[in-house]
Amino acid sequence: MGQLASPARIAHRWSPPCARPNDPLAAPVRPGTFRRIAELLAARLAGAWRRPRRAVQPPRAPAALLAAALLLGSCLLLLSSPLTAGPEATLYVYAVTPLRARALEQKIEDAMPGVDVTVFGKLSDFKTALEVSPPNAALSPRPVLTSLNRGVDLQGLRAGSDAEQYLLVSTKLLARDMLSSFRYGIVDLVERKSLPRFVAGLLGVNDAPEVQRVTKIEDLLQLLQFQTADAVLLPERFRADFESKSKMSFTILSLSTAKVGLVAVTFLSERQSIEGAIRRLPKHVLADLGVDEWR
């Protein structure tokens with residue numbers, strides 16, 4: 055006659071059929087919770103199982119009883135209210151900043167407990183995510199939201215203005231009558247097909263120039279170093295840092311037409327779950343986003 059498996063062993067290897075990962079009623083539990091319940095049930099039933107028996111042959115009933123008890127306990131546990139709740143809201147971010155996407159993501163997430171924050175390094179990824187898995191809110195420069203046909207619900211301000219100055223930076227002599235013939239570099243702010251016309255508007259010229267888009271501020275410096283572009287368009291707030299990273303001599307031109315909307319927020323679902331957290335972002339995080347308050 056085969057040896058009867060111990061209750062602890064049964065608890066270790068048995069998996070309840072009711073724990074379906076795709077069941078919408080199944081809620082996440084803390085790691086080890088199920089094992090602890092199984093061990094308690096196994097210990098209690100083991101005590102009853104080891105009582106003196108009149109029959110010489112050990113009965114099989116306790117193993118079946120244990121399995122049924124574990125099944126019932128695990129199902130009740132999985133169908134109960136979750137012990138750990140997931141993020142209450144989601145926020146997608148695309149911003150023009152020297153920070154790496156992961157570093158900015160961590161700073162924003164630390165300042166917004168309970169909010170799942172994702173910072174995108176590429177505009178194309180940001181756009182795709184908005185379409186495939188919309189968040190509660192999205193934060194990006196206003197031209198980005200405009201190009202994606204999204205309205206502005208919160209507008210970032212710096213020193214009372216909702217736009218920032220962009221500078222024209224080059225290693226060549228800059229003259230206004232030459233602007234249409236230059237090749238330009240700029241951090242991506244609108245969709246690819248719209249970017250040349252967008253740059254023409256910043257330059258105040260009629261003809262759309264040749265434009266090379268990049269994903270990071272530091273990439274603009276490389277365009278000038280390798281002469282891939284004749285000039286780049288740079289947010290004025292990054293000027294000092296940009297010049298400090300190169301020994302090249304720059305010609306810098308500030309155009310009255312080169313104004314770009316600061317970061318703004320659009321809400322894609324019920325805004326109350328996340329608006330307060332965005333408005334409470336600390337000053338050092340707002341500074342990384344290029345603003346100091348919301349309107």
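With the sequence shown counted from 1, adding 54 to any position gets you this note's numbering. Quick reminder that beta carbons are idealized off the backbone N, C-alpha and C, glycines included. Here the structure is a predicted model, which is why all the values come from computation and not from measurement.
Check: Quick check on this structure: which residue in 222, 189, 160 and 281 has the alpha carbon closest to the alpha carbon of residue 309?; Outcome: 222
Check: Grab the span of the alpha helix (DSSP H) containing residue 427 for me, first residue to last.; Outcome: Because the chain is modelled from 55 through 349, residue 427 falls outside the range shown and cannot be assessed.
Check: In terms of residues, what are the limits of the alpha helix (DSSP H) holding residue 378?; Outcome: There is no way to answer for residue 378, as the model of the chain reaches only from 55 to 349.
Check: Starting from residue 308, follow its DSSP beta bridges and name the residues at the other end.; Outcome: 221
Check: Applying the criterion that 16 or more other CB atoms from any shown protein chain within 10 Å of the CB defines a buried residue, is residue 107 buried or exposed?; Outcome: Low per-residue confidence applies at residue 107: pLDDT is 48, beneath 50, and the placement is therefore not dependable, though the value from the model is reported in the following sentence. It is exposed - the Cβ of residue 107 has fewer than 16 other Cβ atoms within 10 Å.
Check: Measuring CB to CB, does residue 312 end up less than 9 angstroms from residue 219?; Outcome: yes
Check: Give me the Cα-Cα distance between residue 241 and residue 270, rounded to the nearest whole angstrom.; Outcome: 6 angstroms
Check: Using the C-alpha atoms, what's the distance from residue 245 back to residue 176?; Outcome: 11 angstroms
Check: Do the stretch 288-305 and the stretch 252-265 make contact, defined as three or more Cβ pairs closer than 8 angstroms?; Outcome: no
Check: For residue 350, which residues does DSSP report across the bridge?; Outcome: The chain is shown from 55 up to 349; residue 350 falls before or after that span and cannot be answered.
Check: Which word fits residue 63, buried or exposed, when buried means at least 16 other C-beta atoms lie within 10 angstroms of its C-beta?; Outcome: Here residue 63 scores only 43 on pLDDT, less than 50, and its place in the model is too uncertain to base an answer on.
Check: Quick check for students: name the residue ranges of the alpha helix (DSSP H) that lie wholly in the stretch 218-261, counting only runs of 4 or more.; Outcome: 249-257
Check: Taking 8 angstroms as the threshold, find out whether the stretch 294-308 comes into contact with the stretch 179-197 through three or more Cβ pairs.; Outcome: no
Check: Does the Cβ of residue 182 have 16 or more other Cβ atoms within 10 Å, making it buried, or fewer, making it exposed?; Outcome: exposed
Check: With distances taken between CB atoms, is the gap from residue 215 to residue 248 smaller than 9 angstroms?; Outcome: no
Check: Nearest to residue 316 by CA position, among 148, 164 and 232, is which residue?; Outcome: 148
Check: Span of the alpha helix (DSSP H) holding residue 330?; Outcome: 329-333
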